[in-house]
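Chains as they are written, first to last, in our numbering: chain A, 7 to 160; chain B, 7 to 160.
The beta-carbon is built from N, C-alpha and C at its ideal position, and this holds for glycine as well.
Keep in mind it's a predicted model, so treat the numbers as computed, not measured.
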DNA sequence: CCGCATTGGTCAATCTGATTGACTATCGCG
DNA sequence: CGCGATAGTCAATCAGATTGACCAATGCGG
């Protein structure tokens, strides 16, 4: 597989880049003693940082069915990362909020994100990295500037 | 989920970009009448374009176990996209090559890749897109310039 | 202020793509 | 020749997601 071809498909590059980041993140998390963190957790933690998340919110963030999102949240509760929050106005919504444990994980995740950013900046230059991030953001964002679900539901 | 945050994690952007491309590719393939194409097929078709692929080759390309790679190739044979090629020197390797059907699919895939490239070029500019591709390639490639597996096996 | 479609969420069964584990056959080297 | 390394397969299992059926709270039109 001599890969000297100059313009590999974007999809392949994105797939490789994504896996590399996610694998590296989880490798570093394990080194720090986090052993039961699944790939999707990072997204959820970020989303839950400032306000409780709901199942429907996760559906919109991740682009999975509500059943899958519900299970994911349950798993994070089992792991002690999330806890059910007190119901608000609407008694149908059952919000989840970060537990202390979850907040500690979030802290490490954010720290590692920064490490990985620095790693990438070292590889291609900080300026190029920010350019890349901005272009990528512009390319995938909707007209309102909002990021779509990780996997949009058609 | 008001996502006006300026610097989303790279991993999220890559995940979104990847899914967007892959989903779009398969949507367009279905429009053209291809109904049983799985996400991994594209990578395999490209790899098999110029020379037969082997199970081990797929393992290195995709970063899955050889069992999974073997099944994937079998599925593509069932779909009529690959066929077993005549064994070469080494009787252990059982190469797969593109069938005519597979070559037709590859043709459509390449055409759609070009369409999607054009779409992205329209979004952020052709120059920026090439910059992005080059930077990304540089960031993920090994020192020899070879692209790693989609999902490296640690 | 009541009826009913909509919305948020769960339970259960199933599927798919992958994994781990055990195995066979061929190769190539000392 | 003998033996470790390499290419591949078979079988069982798993994890994360899906489809389908369902319940409870909401809120809007008449």
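Using a threshold of 9 Å, state whether the C-beta atoms of residue i and residue j are closer than that.
i	j	result
residue 54 of chain A	residue 104 of chain A	yes
residue 50 of chain A	residue 64 of chain A	yes
residue 22 of chain A	residue 153 of chain B	yes
residue 17 of chain B	residue 129 of chain A	no
residue 26 of chain B	residue 146 of chain A	yes
residue 67 of chain B	residue 156 of chain B	yes
residue 31 of chain B	residue 119 of chain B	yes
residue 52 of chain B	residue 112 of chain B	yes
residue 101 of chain A	residue 71 of chain A	no
residue 91 of chain A	residue 107 of chain A	no
residue 15 of chain A	residue 48 of chain B	yes
residue 99 of chain B	residue 35 of chain B	no
residue 81 of chain B	residue 110 of chain B	no
residue 74 of chain A	residue 62 of chain A	no
What residue range is occupied by the uninterrupted beta strand (DSSP E) comprising residue i?
i	result
residue 103 of chain B	102 to 104
Under DSSP, the alpha helix (DSSP H) around residue i begins and ends at which residues?
i	result
residue 136 of chain B	132 to 146
residue 21 of chain A	16 to 37
If the cut is a Cβ gap below 7 Å, which residues of chain A does residue i touch?
i	result
residue 14 of chain B	143, 153
residue 157 of chain B	25
Against residue i, what residues of chain B qualify as contacts under a CB-to-CB distance less than 8 Å, listed in chain order?
i	result
residue 146 of chain A	19, 22, 23, 26
Cβ closer than 9 Å: which chain B residues qualify as neighbours of residue i?
i	result
residue 55 of chain A	Correct list: empty, because the minimum Cβ distance to chain B is about 10 Å.
Can you pull the chain A residues whose beta carbon is under 9 Å from the beta carbon of residue i, in chain order?
i	result
residue 88 of chain B	Going along chain A, no residue has its Cβ under 9 Å from residue 88 of chain B, so there is no contact; the nearest lies around 17 Å.
Check the Cβ of residue i against every Cβ in chain A and list those closer than 8 Å, keeping chain order.
i	result
residue 78 of chain B	Per Cβ cutoff of 8 Å: no residues; residue 78 of chain B is ~15 Å from chain A at best.
Report the residues of the segment 25 to 50 of chain B with a CB closer than 8 Å to any CB of chain A, ordered along the chain. 25, 26, 27, 28, 29, 31, 33, 48, 49
Can you list the alpha helix (DSSP H) stretches of 4 or more residues lying completely in the segment 52 to 90 of chain B, in chain order? 61 to 68, 72 to 84
Any residues in the segment 98 to 123 of chain B with a beta carbon nearer than 8 Å to a beta carbon of chain A? Which ones, in chain order? 119, 122, 123
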